[in-house]
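Q: Pasting in a structure now, in structure tokens, and then I'll have a few things to ask.
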Amino acid sequence: MARKILCVAEKPAIARAVATHLSGGSFQTHAIRGNQYVKNYEFDFNFGGPWGDCSVTMTSVIGHLTGLDFERQYKGWMSCPPGSLFEAPVQESVDKDKLAIAENIRNQARYSKALFIWTDCDREGEHIGSEVRNQAKAGNARIEVKRAKFSNTERAHVLRAAREPVELDEFQANAVAARIELDLRIGAAFTRLQTLQLQAVVAALKEKVISYGKYRSGSSKIMTHASTGSCQFPTLGFVVDRYLRVKNFKPETFWSIKVMHQRERKKVNFLWKRVHLFDRAAVAMMLERCLMAKQAKVTKVNSKPKSKWRPLPLTTVDLQMMGSRFLRMDSQTIMKVAEALYTKGYISYPRTETDQFDKAIDLKKLVEKQYPDDSWGQYARDLIDGKFRTPRSGRHNDKAHPPIHPVCWVSQNQLNVNEKKVYEFVVRRFLACCSEDAKGQGTEIEIQYGEEFFHANGLIVLERNYLDVYVYDKWESSQQLPNFEKGEVFEPTEANIAEGKTTAPSFLTEPELIGLMDANGIGTDATMAEHIAKIKEREYVVVHQRGTGRTKVEELIPTRLGTALVEGYDNIVAGLSNSISLSKPFLRKEMELRMLEICAGTKTRQEVVQQSLDMYREVFIHTQRRIEMLKAACRKYLVE
Amino acid sequence: MSADQIAAQIQSTKALPVSPSWLTAVLASSGQTQRNIPTSALTKTALFRVLASDFRGSLLTNSSSRLPVDIYDPTVQERRLSGPIPVQILDIEDIGTSLWSQVEAIERVERGEAIRGREIVRTVAVGEDQEAQENSSANNNGNSAAPNASGSSGYGPHRLILQDAAGTKAVAIEMQRIEGISLEKLSIGAKLVLRNATVARGMILLNPASVDFLGGKIEALDKPWKEGRKARLLERITAMQNE
Numbered sequence: 001m002a003r004k005i006l007c008v009a010e011k012p013a014i015a016r017a018v019a020t021h022l023s024g025g026s027f028q029t030h031a032i033r034g035n036q037y038v039k040n041y042e043f044d045f046n047f048g049g050p051w052g053d054c055s056v057t058m059t060s061v062i063g064h065l066t067g068l069d070f071e072r073q074y075k076g077w078m079s080c081p082p083g084s085l086f087e088a089p090v091q092e093s094v095d096k097d098k099l100a101i102a103e104n105i106r107n108q109a110r111y112s113k114a115l116f117i118w119t120d121c122d123r124e125g126e127h128i129g130s131e132v133r134n135q136a137k138a139g140n141a142r143i144e145v146k147r148a149k150f151s152n153t154e155r156a157h158v159l160r161a162a163r164e165p166v167e168l169d170e171f172q173a174n175a176v177a178a179r180i181e182l183d184l185r186i187g188a189a190f191t192r193l194q195t196l197q198l199q200a201v202v203a204a205l206k207e208k209v210i211s212y213g214k215y216r217s218g219s220s221k222i223m224t225h226a227s228t229g230s231c232q233f234p235t236l237g238f239v240v241d242r243y244l245r246v247k248n249f250k251p252e253t254f255w256s257i258k259v260m261h262q263r264e265r266k267k268v269n270f271l272w273k274r275v276h277l278f279d280r281a282a283v284a285m286m287l288e289r290c291l292m293a294k295q296a297k298v299t300k301v302n303s304k305p306k307s308k309w310r311p312l313p314l315t316t317v318d319l320q321m322m323g324s325r326f327l328r329m330d331s332q333t334i335m336k337v338a339e340a341l342y343t344k345g346y347i348s349y350p351r352t353e354t355d356q357f358d359k360a361i362d363l364k365k366l367v368e369k370q371y372p373d374d375s376w377g378q379y380a381r382d383l384i385d386g387k388f389r390t391p392r393s394g395r396h397n398d399k400a401h402p403p404i405h406p407v408c409w410v411s412q413n414q415l416n417v418n419e420k421k422v423y424e425f426v427v428r429r430f431l432a433c434c435s436e437d438a439k440g441q442g443t444e445i446e447i448q449y450g451e452e453f454f455h456a457n458g459l460i461v462l463e464r465n466y467l468d469v470y471v472y473d474k475w476e477s478s479q480q481l482p483n484f485e486k487g488e489v490f491e492p493t494e495a496n497i498a499e500g501k502t503t504a505p506s507f508l509t510e511p512e513l514i515g516l517m518d519a520n521g522i523g524t525d526a527t528m529a530e531h532i533a534k535i536k537e538r539e540y541v542v543v544h545q546r547g548t549g550r551t552k553v554e555e556l557i558p559t560r561l562g563t564a565l566v567e568g569y570d571n572i573v574a575g576l577s578n579s580i581s582l583s584k585p586f587l588r589k590e591m592e593l594r595m596l597e598i599c600a601g602t603k604t605r606q607e608v609v610q611q612s613l614d615m616y617r618e619v620f621i622h623t624q625r626r627i628e629m630l631k632a633a634c635r636k637y638l639v640e
Numbered sequence: 001m002s003a004d005q006i007a008a009q010i011q012s013t014k015a016l017p018v019s020p021s022w023l024t025a026v027l028a029s030s031g032q033t034q035r036n037i038p039t040s041a042l043t044k045t046a047l048f049r050v051l052a053s054d055f056r057g058s059l060l061t062n063s064s065s066r067l068p069v070d071i072y073d074p075t076v077q078e079r080r081l082s083g084p085i086p087v088q089i090l091d092i093e094d095i096g097t098s099l100w101s102q103v104e105a106i107e108r109v110e111r112g113e114a115i116r117g118r119e120i121v122r123t124v125a126v127g128e129d130q131e132a133q134e135n136s137s138a139n140n141n142g143n144s145a146a147p148n149a150s151g152s153s154g155y156g157p158h159r160l161i162l163q164d165a166a167g168t169k170a171v172a173i174e175m176q177r178i179e180g181i182s183l184e185k186l187s188i189g190a191k192l193v194l195r196n197a198t199v200a201r202g203m204i205l206l207n208p209a210s211v212d213f214l215g216g217k218i219e220a221l222d223k224p225w226k227e228g229r230k231a232r233l234l235e236r237i238t239a240m241q242n243e
């Protein structure tokens, strides 16, 4: 066979899965020199189209091939003023531990007509694809470059992707390249500045804290701060902000009016429209005026159908939020498990922002695949036997991946404990999406008593529908309300003042933090879990457990260092107009919006890098000028 | 047109018994007594000055337009104020919101987070997508006003301190929403005319039928009130914790 096609996946497991499908299971495995994980799989395959029958070498990289760093003369901590790292020359080079992988690609490219890239279809994958392309071109300048578009490793899907190659998306690859450069420059500049400055403070501290300064060369916790970029700092900012809100909170007493009426042997509690007020005298006066009026009048009786909507198709952010809430796993673990399930071909690609299913996708077929399951197989059958509904569509579409859904059924005993939980969640969510909303009948009764209004609500759940499979949502019938007629007048059985106190918000939990990052536009779905893991690892925050068993909650609490850094940076910009603290999400948010502009092709990589560096340079200059503020904050929190 | 005529005009349209001697002095000092200025413009200027004045100097203090001096008496269950009574607002407070959450709101503004594009989302409901939330709150509209952890149920009702032309002060409660009365919009020294308002346990009950909101402000009171608001809230919170 004359033609040879070189296929390169992002991870060895994907390479093996794709090779298995394309070859029908018969391929030869060759080890490569210098790396024990990456293998070359050789087989024949008919791609159809212009390529036709070819011999194939399927191999992989292991994530990014290259890294970006400053040139040698800028690498030392004392080699240059930290501010010059905004402009210092940088160079891209193959990571030392990836040299053998790069060489393998160059070698294989030499004998190949075309390079067929099988990295994951997202921004990061596009950039890794461009790294692979650069190596292949170095081995064979005339090699043709194509890319496979796939979102799961199910056989038919892989075969179709193999026969419909597309082009590499340069825009997306450039966006990642811009982010990498910005993270390097901004991270290094701030890390060096604050480390060199804070070391003086830290060294003067007691023994316990000196351990931060123990690693003099560059592995101290303070030193490595921000070295992976400008996102974990606002992430930390949210944790500190909530912590301070909890700590500073002052409880206050409030009063409300509770009205109860007994009818048909049922006690109906009416809730005050004003909920509660913080002025006792005013509430007492209002209650007195109710009692003076003696009679209450029914002003509204509404009975109307209610429904609880089935969930939207599953996105990464939702998987992380719901997962850490219902499955009791942290977001990073969930993503790791989800990726393992994807690599094994059980679920679709778990990094997606899309919450709408494409019309072309055969959802019923996916539902049918769940028939064999003991727990939800019957439910799947009922869907196909007439209860199937087209899923709701959300507002997001990343144009790359469908919402996360099960690709095929897998027996529970083939999965480990965590995989079982995540797979079950993905399946139940998917079946819920394809179900009917839950239906009920709601009743609202409003009364006027004196000058005040009160209401009572009732709910009867009539059809549970999706709730039967989506065990994570709760919607329960309330007590049935007795009969009230509009315009009817009655004397309430009881009316009292009730006293209560405001309560502090609770410490931030991981699902909330993910929600906040998403709502404030920082971190992409793919990186959020990483940033959270990073601020834990850096010991800026610690995880506290509250409660036990089913009520167990994991809360994020900042450490002294974490609090000191946020307060220090906030103080640096306090009082300066239009200068934004690093602990706030805006700078990062703007940077991420610019990444999207690169992806859309409306801005170039260079423009974005320059603009973003200008924003951060301004903050850097303030920081340098007012570094005493940062030192003072560290002294305040780190000197006990 | 004489000051008397203008005063009569303001009395008939706004129920404000302006003191003619005060009005004469004001018009003289602003040099607006020339004959060539149209009456309507002159009246407008005069009214503006009245609303920016301290009623204790600018209004006549005839007995029918004054608050009873024992109005604060909490032993009186209910009484009615007769006639129109002009008053100025000396203080406003949101009694539907906890003091602490008001302090937090002030601090958000201080940090520049009230500027468009600089807002920070600080709380998210985990576990319900946006549309589902809209859906369920529309369905259970009673529950949407449920108290949240920070103790704010929205805006108001407000408690005001009112003062009449004779200097008598009284507490008033906004029983129904009154346009113009809000922490953001209202200036201290803004003017109201009470019409046959009810007083219960020493508190004047305000509703749209019993109040004409005229607006205005007293600059000398408004500025320090605004600047000192956070400190006063904090002081009250501290006092409360020590109780």
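From first to last, the protein sequence lines are chains A and B.
Under full-length UniProt numbering, the first residue of the first sequence carries the number 1, and numbering increases by one thereafter.
Under full-length UniProt numbering, the first residue of the second sequence carries the number 1, and numbering increases by one thereafter.
The C-beta atom is built at its ideal place from N, Cα and C for all residues, glycine as well.
1. Using CA atoms only, rank isn't needed, just tell me which of A400(A), D183(A), T316(A) is closest to residue 646(A).
2. What did DSSP end up calling L192(B) once you bin it into helix, strand or coil?
3. Looking at the structure shown, is P50(A) part of a helix, part of a strand, or coil, going by DSSP?
4. Just curious, the alpha helix (DSSP H) that D241(A) is in, first and last residue?
5. If contact means a Cβ-Cβ distance below 9 Å, which residues of the stretch 94-105 of chain B contact chain A?
6. Any chance you could list the beta strand (DSSP E) runs of at least 3 consecutive residues sitting entirely within the stretch 159-184 of chain B, in chain order?
7. Taking only beta-carbon positions, decide if D97(A) is within less than 7 Å of chain B.
8. Quick one: what's N496(A) bridged to in DSSP?
9. Would the stretch 133-143 of chain A and the stretch 412-423 of chain A be scored as touching if the rule is three or more Cβ pairs under 8 Å?
10. Tell me the DSSP secondary structure of L27(B) in three-state form.
11. Going by the beta-carbon positions, is the gap between S60(A) and A15(A) smaller than 7 Å?
12. Check distances from the C-beta atoms of the stretch 36-52 of chain A to those of chain B and list, in chain order, the residues that come in under 8 Å.
13. Keeping to the same chain, check which residues put their C-beta closer than 8 Å to that of N107(A); ignore five residues upstream and five downstream.
14. Can you name the residues that DSSP bridges to D44(A)?
15. Is the Cβ of R201(B) closer than 7 Å to any Cβ of chain A?
16. In terms of DSSP beta bridges, what is L206(B) paired with?
17. Counting only the same chain and skipping the five closest in sequence on each side, list residues whose C-beta sits under 8 Å from that of L291(A).
18. Counting only C-beta atoms, is I6(B) closer than 7 Å to chain A at any point?
19. From which residue to which residue does the beta strand (DSSP E) around V268(A) run?
20. Whose C-alpha, out of R395(A), S581(A), P406(A), I361(A), is nearest the C-alpha of D373(A)?
21. Could you give the distance in angstroms between the alpha-carbon of A338(A) and the alpha-carbon of Q320(A)?
22. For P74(B), is the classification buried or exposed, using 16 other Cβ atoms within 10 angstroms of its Cβ as the cut-off for buried?
23. Along chain B, in chain order, which residues have C-beta atoms closer than 7 Å to that of K250(A)?
24. Compare the C-beta of V87(B) with all C-beta atoms of chain A and state if any pair is closer than 7 Å.
25. Put A197(B) into one of helix, strand or coil per three-state DSSP.
26. What residue does the beta strand (DSSP E) around P224(B) start on, and which one ends it?
27. So, for G167(B): in the same chain, excluding its five sequence neighbours on each side, which residues have a beta-carbon less than 7 Å away from its beta-carbon?
28. Ordered along the chain, which non-local residues of its own chain (more than five positions away) have a Cβ less than 6 Å from that of A200(B)?
29. Is the separation between the beta-carbon of L168(A) and that of I143(A) shorter than 7 Å?
30. Consult DSSP for A574(A) and reduce its assignment to one of helix, strand or coil.
31. Report all residues from its chain with a CB closer than 8 Å to the CB of N141(B); omit the five preceding and five following residues, and keep chain order.
32. Taking CB distances under 7 Å as the criterion, tell me whether G515(A) reaches chain B.
33. Where does V121(B) fall in DSSP's three states?
34. If you draw a straight line from the C-alpha of K486(A) to the C-alpha of I497(A), how long is it?
35. Pop quiz: T352(A) and P391(A) are said to be a contact at Cβ under 8 Å. What is the actual Cβ separation, rounded to whole angstroms?
36. Out of curiosity, what's the CA-to-CA distance linking A209(B) and N457(A)?
A: So, from the data block:
1. Residue 646(A) lies beyond the stretch modelled for chain A, which goes from 1 to 640, so this question has no answer here.
2. As a first step, residue 192(B) must be located in the second sequence, where it is residue number 192. It is a strand residue.
3. Here residue 50(A) refers to the residue found at position 50 of the first sequence. If DSSP states are grouped into helix, strand and coil, P50(A) belongs with coil.
4. Reading the first sequence from its first residue, position 241 is the one you call residue 241(A). Unbroken alpha helix (DSSP H) run through D241(A): 232-248.
5. D94, I95, G96, T97, S98, L99, W100, S101, V103, E104
6. 169-174
7. For the purposes of this step, residue 97(A) is taken as residue 97 along the first sequence, with counting starting at 1. It does not; no Cβ of chain B falls within 7 Å.
8. Numbered from 1 along the first sequence, position 496 holds the residue referred to as residue 496(A). Beta-bridge pairing links N496(A) to K258(A).
9. no
10. Locating residue 27(B) in the second sequence gives position 27, counting from the first residue. Looking at L27(B) - three-state DSSP - the assignment turns out to be helix.
11. On the first sequence, residue 60(A) is found 60 positions in, with the first residue counted as 1. On the first sequence, residue 15(A) is found 15 positions in, with the first residue counted as 1. Cβ distance < 7 Å, so S60(A) and A15(A) count as in contact.
12. none
13. The count along the first sequence starts at 1 and reaches residue 107(A) at position 107. Excluding sequence neighbours, N107(A) sits near G139.
14. Counting from one through the first sequence, the residue named residue 44(A) turns up at place 44. For D44(A), which the question treats as bridged, DSSP gives the partners S55(A).
15. For the purposes of this step, residue 201(B) is identified with residue 201 of the second sequence, where counting begins at 1. It does; some Cβ of chain A falls within 7 Å.
16. Here the question's residue 206(B) lines up with position 206 in the second sequence. DSSP, once it has assigned bridges, lists E174(B) as partnering L206(B).
17. Counting from one through the first sequence, the residue named residue 291(A) turns up at place 291. Only G450, A495 meet the Cβ criterion.
18. Here residue 6(B) refers to the residue found at position 6 when the second sequence is read from its first residue. So no, I6(B) is outside the interface.
19. The residue labelled residue 268(A) in the question sits at position 268 within the first sequence. Here the beta strand (DSSP E) through V268(A) covers 266-272.
20. As a working mapping, residue 373(A) is identified with position 373 in the first sequence. Nearest of R395(A), S581(A), P406(A), I361(A) to D373(A), Cα basis: P406(A).
21. Along the first sequence, read from residue 1 onward, the residue named residue 338(A) stands at position 338. Along the first sequence, read from residue 1 onward, the residue named residue 320(A) stands at position 320. For A338(A) and Q320(A), the distance between alpha carbons rounds to 10 Å.
22. Working through the second sequence from its first residue, we reach residue 74(B) at position 74. The residue is exposed, with fewer than 16 neighbouring Cβ atoms inside 10 Å.
23. Position 250 of the first sequence, counted from the first residue, corresponds to residue 250(A). In chain order: W100, I237, Q241.
24. Numbered from its first residue, the second sequence carries residue 87(B) at position 87. No, no contact with chain A.
25. Against the second sequence, residue 197(B) aligns to sequence position 197. DSSP places A197(B) in coil when its eight states are reduced to three.
26. Taking the second sequence and counting its residues from 1, one reaches residue 224(B) at position 224. From DSSP, P224(B) is part of no beta strand (DSSP E) but of the alpha helix (DSSP H) over 219-242.
27. What you label residue 167(B) is simply residue 167 of the second sequence in a count that begins at 1. If we look at G167(B) and ignore the five residues flanking it on each side, its Cβ neighbours are R56.
28. Within the second sequence, numbered from 1, the residue matching residue 200(B) stands at position 200. Here the set comprises E78.
29. Stepping through the first sequence from its first residue, residue 168(A) is reached at position 168. Stepping through the first sequence from its first residue, residue 143(A) is reached at position 143. Contact: no.
30. The count along the first sequence starts at 1 and reaches residue 574(A) at position 574. Of the three classes helix, strand and coil, the one that applies to A574(A) here is coil, per DSSP.
31. Translated into the one-based positions of the second sequence, residue 141(B) becomes position 141. At N141(B), the pLDDT of 30 sits below 50, so the modelled position is not reliable; the number obtained from the coordinates is stated separately. Excluding sequence neighbours, N141(B) sits near nothing in its chain.
32. Working through the first sequence from its first residue, we reach residue 515(A) at position 515. At least one chain B Cβ lies under 7 Å of G515(A).
33. Here residue 121(B) refers to the residue found at position 121 when the second sequence is read from its first residue. Three-state DSSP puts V121(B) in coil, outside helix and strand.
34. Locating residue 486(A) in the first sequence gives position 486, counting from the first residue. Locating residue 497(A) in the first sequence gives position 497, counting from the first residue. Each residue's alpha carbon lies about 26 Å from the other.
35. For this step, residue 352(A) is matched to residue 352 along the first sequence. For this step, residue 391(A) is matched to residue 391 along the first sequence. Between P391(A) and T352(A) the Cβ distance is about 14 Å, and since that is not below 8 Å, they are no contact.
36. Against the second sequence, residue 209(B) aligns to sequence position 209. Against the first sequence, residue 457(A) aligns to sequence position 457. Each residue's Cα considered, the two are about 31 Å apart.
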